[in-house]
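In my numbering, the protein residues as written are 78 to 150.
Virtual Cβ for every residue (Gly too), placed ideally from N, Cα, C.
Given the structure is predicted, the values throughout are model-derived calculations rather than measurements.
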């Protein structure tokens, strides 16, 4: 059950992460990354790894995009 909740949180983070992918809106990742961190924490409590892995991948991708923009842009 926790794995399913983690996957749902990851999908919400993925949908919310589409808008900041546009130029000059990367600052939105400051709001999306904590959602993925919560999903990864819930996924870590689960016996399966799918939800945790999804959220960890999202954190890495969003973090790299945030670093490319200098953390603000």
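- Contact annotation: the stretch 141–150 does not touch the stretch 112–121, with fewer than three C-beta pairs closer than 8 Å.
- Using a Cβ distance threshold of 9 Å, residue 105 and residue 96 count as a contacting pair.
- A Cβ-Cβ distance of about 6 Å is found for the pair residue 91 and residue 135, placing them in contact under the 8 Å criterion.
- DSSP, reduced to helix, strand and coil, places residue 100 outside both helices and strands of the structure shown, so it counts as coil.
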